[in-house]
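Asker: First to last, the sequence lines map onto chains A and B.
Residue 371 in the working numbering sits at position 371 of the first sequence; the count goes up by one each step and never skips.
Residue 422 in the working numbering sits at position 23 of the second sequence; the count goes up by one each step and never skips.
For glycine and all other residues, C-beta sits at the position ideal for the given N, C-alpha and C.
There are 2 protein chains.
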Amino acid sequence: MYRLLDGLQVIEASSFVASPTCGLYLAQMGADVIRIDQIGGGPDFRRWPVTAQGDSLYWENLNRAKRSVALDLSRGEGRELAQALVRATGQLVTNFPASGFLAHDTLAQGRADLITVRVMGWANGAPALDYTVNNAVGYPMLTGEGPDPVNHVLPAWDLLTGAYAAFALLAALRRRDATGLGGEVRVPLSDVAIGTLANLGSLAEVMTTGHDRPRLGNVVFGLFGRDFVTRDGVRTMIVVVTHRQWANLVAALDLGAAIAGIEAARGVSFAQDDGLRYTHRDALFPLFEAAIGARDHADLAAAFDAGGIVHSAYRTMAEAAADPALVRDNPIFAPAANPSGADYPAAGAFASLPGMERLPPCPAPRNGQHSEQVLAEVLGLDSGPLARLIDTGIIGTAR
Amino acid sequence: MYRLLDGLQVIEASSFVASPTCGLYLAQMGADVIRIDQIGGGPDFRRWPVTAQGDSLYWENLNRAKRSVALDLSRGEGRELAQALVRATGQLVTNFPASGFLAHDTLAQGRADLITVRVMGWANGAPALDYTVNNAVGYPMLTGEGPDPVNHVLPAWDLLTGAYAAFALLAALRRRDATGLGGEVRVPLSDVAIGTLANLGSLAEVMTTGHDRPRLGNVVFGLFGRDFVTRDGVRTMIVVVTHRQWANLVAALDLGAAIAGIEAARGVSFAQDDGLRYTHRDALFPLFEAAIGARDHADLAAAFDAGGIVHSAYRTMAEAAADPALVRDNPIFAPAANPSGADYPAAGAFASLPGMERLPPCPAPRNGQHSEQVLAEVLGLDSGPLARLIDTGIIGTAR
Chain A
1 MYRLLDGLQV IEASSFVASP TCGLYLAQMG ADVIRIDQIG GGPDFRRWPV
51 TAQGDSLYWE NLNRAKRSVA LDLSRGEGRE LAQALVRATG QLVTNFPASG
101 FLAHDTLAQG RADLITVRVM GWANGAPALD YTVNNAVGYP MLTGEGPDPV
151 NHVLPAWDLL TGAYAAFALL AALRRRDATG LGGEVRVPLS DVAIGTLANL
201 GSLAEVMTTG HDRPRLGNVV FGLFGRDFVT RDGVRTMIVV VTHRQWANLV
251 AALDLGAAIA GIEAARGVSF AQDDGLRYTH RDALFPLFEA AIGARDHADL
301 AAAFDAGGIV HSAYRTMAEA AADPALVRDN PIFAPAANPS GADYPAAGAF
351 ASLPGMERLP PCPAPRNGQH SEQVLAEVLG LDSGPLARLI DTGIIGTAR
Chain B
400 MYRLLDGLQV IEASSFVASP TCGLYLAQMG ADVIRIDQIG GGPDFRRWPV
450 TAQGDSLYWE NLNRAKRSVA LDLSRGEGRE LAQALVRATG QLVTNFPASG
500 FLAHDTLAQG RADLITVRVM GWANGAPALD YTVNNAVGYP MLTGEGPDPV
550 NHVLPAWDLL TGAYAAFALL AALRRRDATG LGGEVRVPLS DVAIGTLANL
600 GSLAEVMTTG HDRPRLGNVV FGLFGRDFVT RDGVRTMIVV VTHRQWANLV
650 AALDLGAAIA GIEAARGVSF AQDDGLRYTH RDALFPLFEA AIGARDHADL
700 AAAFDAGGIV HSAYRTMAEA AADPALVRDN PIFAPAANPS GADYPAAGAF
750 ASLPGMERLP PCPAPRNGQH SEQVLAEVLG LDSGPLARLI DTGIIGTAR
């Protein structure tokens, strides 16, 4: 955790991946992110993976370094407390419906400069999730070798939406700092997805060519990139993005003469053109398969590293977790007291700031762990009213 | 484009996807993003997809709404101009090497409060790309049905890194606004990837169980979610994330009695438990396959929509591009004069701000289009020195 966002207080009312990710990134940079939780937890509170005791490893990682106020949101008084917290702090991140009790216009009646960042499914308010937006924009039809579509496993749209929402909140805060104006910022998964197709040129591609890109398996479109298998059976991904890398790869595999032969036969030069290395892959790939298949991985990896060639071996997640550089010796990780009691390292901010102190990652809260503290601090509630709210079940507190 | 970041000037020296994405998000929110380009373009300037004339549809979309200063970065004078632009503005986004002429400490000698956001491959400075980080953390081994790994097509790590970098820049600016302190923020793809495994609970899962999750094809882990095919051959994704959705799905398919039978036989109740709907999928899926396969898509979609059930049909990108709600009638899109001359709609910011004016998307610059303008504006160069720099080939200008 870094203290870049010291002094920024944000209310988060959210579940699933995108909106909690937004709050997580803010909290890992030092913001005081206060979750409003349904007493007993929202719809994702027990989401898998879970421990043998049923505690969610997903929830306790996506909600690190946040505080939890548990409220009975099915009752008017609980909702009014949630609204009061939003108005008192001035910043809300949520994936609750645009028209419910956390509607921006309702909240802004008591806090004119409120900034609400709302993660949505479809832009029109209809429900959508990462996996139903992904197949609606076409990626599964391009993934794998076919004929059936292949879903991604990484919830990429959720994660991108969460990061973008965190960016958008800070952008809106900059405007408010300059002008005093608040407002609502809506970030629908569907617009993140179709906008990304546009940003990467894929929308322009299908609209100008009139047809879909071919399905390429593990081949990277438009340049030299693919998985290959070494003599000792290691599958490795190789991607060439500069002309120097290409020259070094050809040299490392001693393929200069063979490639010159293809260039002469086809009247092309691969030295300065990513596209030609892709369009002539029918001729190039067999050469590389043979050259890579004739050598062991350790030998090749050393030669590739010396030439600045971008490559990496395929691993399982368990293998990745056992890589000391990625986890054990990685400064973004440190121990943390996880509410589940499970023992594993915790991640802090992805970013590293040389010369700035990185504080250890904090654990996720237990449901309602900070109810009394936050309601006293932010709303100035005394012990009498708090006791009544607890007795009547309007607020929950962690045991 | 929205004007949330009015007055913020950022120098971008970057190529490929992550770092340009960071600059794009900033520019679409109103920042003045000034690219420093090698004269004639960097290594991604011709990246596919390209038009028949060889203009990159990828480049001209990832660099919208930015300005371009073209410099001969192979010569000392070109590099000094780049450094002067960074020092004059105070903000740099780059994926150039940490130790080169855009090293933060070098630049900060002339601008103590400089903020540098540096996108990196591996955290130790070794080169990596989206596709070589992805297979190093294990996702391709979980994607598809096996036995071979399946790469993703969406460069998800690049995109997430770009969004996170934009967030991190604004977070660092908030700190500088409060304290006067600048600094470097490093965002390695590798830490974004392994940190994401941690945030989603996947790292905890493999470290506490000691083994990898099974490969699930298009099944979503830990809840009820999968693709099904309707009677008229439409493949559709269905994901249940709330207990109400489950009840409505069972009712919409008239499966209440059949599911009660499974519950009785197995001594479980699916009503309140995502995990059980996943672990008993061997019994549940055949029921749903039959029920969904017996009805046409339009009929089912209407019933699902009425029940708030999250579903969507698989489409190709060309089909998605033809969906009026996603593109033609979507306010994030508008016409723009693309440098390639290709005619297709341009995307602005993903976010929508009700009540704030959305300005039309701007085109990407031509290489060096703003060299003279920016050097005059930011460094105060007069026409005489500019003419000399053009004559000696230190700066390039768009024809």
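For leucine 197 of chain A, which three-state DSSP category applies?
Answerer: Here leucine 197 of chain A sits in helix by DSSP.
Asker: Does the region 286-301 of chain A come close enough to the region 490-499 of chain B to have 3 or more Cβ pairs within less than 8 Å?
Answerer: With a cut-off of 8 Å, the region 490-499 of chain B and the region 286-301 of chain A do not count as touching, because too few Cβ pairs lie within range.
Asker: For arginine 75 of chain A versus glycine 110 of chain A, is the C-beta spacing smaller than 7 Å?
Answerer: Taking 7 Å as the Cβ cut-off, arginine 75 of chain A and glycine 110 of chain A do not qualify as a contacting pair.
Asker: Could you tell me the alpha carbon to alpha carbon distance between aspartate 273 of chain A and asparagine 151 of chain A, rounded to whole angstroms?
Answerer: One C-alpha to the other measures close to 32 Å.
Asker: Of the residues B:Tyr743, B:Gly707 and B:Gly594, which one's Cα is nearest the Cα of proline 734 of chain B?
Answerer: Ranking the options by Cα distance to proline 734 of chain B, first place goes to B:Tyr743.
Asker: Pull up the CB-CB distance for glycine 561 of chain B and isoleucine 332 of chain A, whole angstroms please, since I reckon it's below 8 Å.
Answerer: Wrong, their Cβ atoms sit about 18 Å apart, outside the cutoff.
Asker: If you run the structure through DSSP and keep just helix, strand and coil, what is methionine 428 of chain B?
Answerer: Note: methionine 428 of chain B maps to coil in three-state DSSP.
Asker: Could you spell out where the beta strand (DSSP E) holding histidine 802 of chain B opens and where it closes?
Answerer: Chain B is shown from 400 up to 798; residue 802 of chain B falls before or after that span and cannot be answered.
Asker: How big is the Cα-Cα spacing for methionine 141 of chain A and glutamate 377 of chain A?
Answerer: Straight-line Cα distance between these residues: approximately 52 Å.
Asker: Would you kindly work out how many angstroms separate the C-alpha atoms of aspartate 191 of chain A and leucine 81 of chain A, rounded to a whole number?
Answerer: In a straight line, the C-alpha of aspartate 191 of chain A is about 32 Å away from that of leucine 81 of chain A.
Asker: Check whether chain B comes within 7 Å of histidine 280 of chain A, counting only Cβ atoms and requiring the distance to be less than that.
Answerer: Taking Cβ atoms only, chain B never reaches closer than 7 Å to histidine 280 of chain A, which makes this a no.
Asker: Could you say which of A:Arg215, A:Pro354 and A:Ala313 lies nearest to arginine 230 of chain A if we only look at CA atoms?
Answerer: Checking the sequence shown, residue 230 of chain A turns out to be threonine, not arginine. It is A:Ala313 whose Cα lies nearest to the Cα of threonine 230 of chain A.
Asker: Provide the residue span of the beta strand (DSSP E) that contains valine 91 of chain A, from first to last.
Answerer: According to the sequence as given, residue 91 of chain A is glutamine; it is not valine. That run of the beta strand (DSSP E) goes 91-94.
Asker: What does DSSP give as the partner residues of glycine 795 of chain B in its beta bridges?
Answerer: Bridge partners of glycine 795 of chain B: B:Ala469.
Asker: Have a look at isoleucine 409 of chain A and leucine 253 of chain A and give me their C-alpha separation to the nearest angstrom.
Answerer: No answer is possible for residue 409 of chain A: the residues shown for chain A start at 1 and end at 399.
Asker: Report the rounded CA-to-CA distance for leucine 596 of chain B versus alanine 325 of chain A, giving the unit in angstroms.
Answerer: Leucine 596 of chain B and alanine 325 of chain A: Cα-Cα distance of roughly 15 Å.
Asker: Would you check if the distance between the CB atom of proline 753 of chain B and the CB atom of glutamate 184 of chain A is smaller than 7 Å?
Answerer: In this structure, glutamate 184 of chain A lies closer than 7 Å to proline 753 of chain B by Cβ.
Asker: Report yes if the CB atom of glycine 795 of chain B is closer than 7 Å to the CB atom of isoleucine 438 of chain B, and no otherwise.
Answerer: Yes, the pair counts as a contact, with Cβ atoms nearer than the cut-off.
Asker: Where does arginine 277 of chain A land, buried or exposed, given buried means 16+ other C-beta within 10 angstroms?
Answerer: The residue in question, arginine 277 of chain A, is buried, as its Cβ has 16 or more Cβ neighbours within 10 Å.
Asker: Can you list the beta strand (DSSP E) stretches of 3 or more residues lying completely in the region 32-71 of chain A, in chain order?
Answerer: Counting only runs of 3 or more, we get 32-38 and 66-71.
Asker: What are the boundary residues of the alpha helix (DSSP H) that includes glycine 655 of chain B?
Answerer: Looking at the DSSP string, the run of the alpha helix (DSSP H) that includes glycine 655 of chain B is 655-665.
Asker: Consider the Cβ of alanine 511 of chain B: report whether some Cβ of chain A lies at a distance smaller than 7 Å.
Answerer: Not an interface residue.
Asker: Assign threonine 179 of chain A to buried or exposed, taking buried as 16 or more other Cβ atoms, counted over all protein chains shown, within 10 Å of its Cβ.
Answerer: Per the 10 Å Cβ criterion, exposed.
Asker: Does the region 3-13 of chain A come close enough to the region 46-54 of chain A to have 3 or more Cβ pairs within less than 8 Å?
Answerer: With a cut-off of 8 Å, the region 46-54 of chain A and the region 3-13 of chain A do not count as touching, because too few Cβ pairs lie within range.
Asker: Using beta carbons (cut-off 7 Å, strictly below), is aspartate 212 of chain A in contact with chain B?
Answerer: At least one chain B Cβ lies under 7 Å of aspartate 212 of chain A.
Asker: What are the residues of the region 240-274 of chain A that lie near chain B, defined by any Cβ-Cβ distance shorter than 7 Å?
Answerer: The region 240-274 of chain A vs chain B, Cβ under 7 Å: Val241, Thr242 and Asp274.
Asker: Residues of chain A with CB under 8 Å from glutamate 718 of chain B, in chain order?
Answerer: Going along chain A in sequence order, the residues near glutamate 718 of chain B (Cβ under 8 Å) are Gly138.
Asker: With distances taken between CB atoms, is the gap from alanine 763 of chain B to glutamate 459 of chain B smaller than 7 Å?
Answerer: Yes, these two residues count as a Cβ contact at 7 Å.
Asker: Please list, in chain order, the chain B residues whose beta carbon lies closer than 9 Å to that of alanine 347 of chain A.
Answerer: Neighbours of alanine 347 of chain A on chain B, chain order: Asp590, Ile593, Gly594, Thr595, Leu596, Ala597, Asn598 and Leu602.
Asker: Compute the Euclidean distance between the alpha carbons of threonine 316 of chain A and tryptophan 48 of chain A, then round it to the nearest angstrom.
Answerer: When rounded, the distance between both Cα atoms is 19 Å.
Asker: Just mark alanine 659 of chain B as buried or exposed, buried being the case when its beta carbon has 16 or more other beta carbons within 10 Å.
Answerer: Alanine 659 of chain B is exposed by the Cβ-count criterion.
Asker: Counting only beta-carbon separations shorter than 7 Å, does serine 413 of chain B have a partner in chain A?
Answerer: False, the Cβ-Cβ gap to chain A never drops below 7 Å.
Asker: Taking only runs that begin and end inside the region 268-307 of chain A, name each unbroken alpha helix (DSSP H) of 4 or more residues, in chain order.
Answerer: For the region 268-307 of chain A, whole alpha helix (DSSP H) runs of length 4 or above, ordered along the chain, are 274-279, 281-293 and 297-306.
Asker: Can you give the Cα-Cα distance for histidine 243 of chain A and leucine 85 of chain A, rounded to whole angstroms?
Answerer: Whole-angstrom Cα-Cα distance: 56 Å.
Asker: Can you look up leucine 156 of chain A in the DSSP assignment and give me helix, strand or coil?
Answerer: The sequence shown places alanine at residue 156 of chain A, not leucine. Alanine 156 of chain A: helix per DSSP, three-state reduction.
Asker: Quick one: grab the DSSP three-state call for aspartate 742 of chain B.
Answerer: Correct three-state label for aspartate 742 of chain B: coil.
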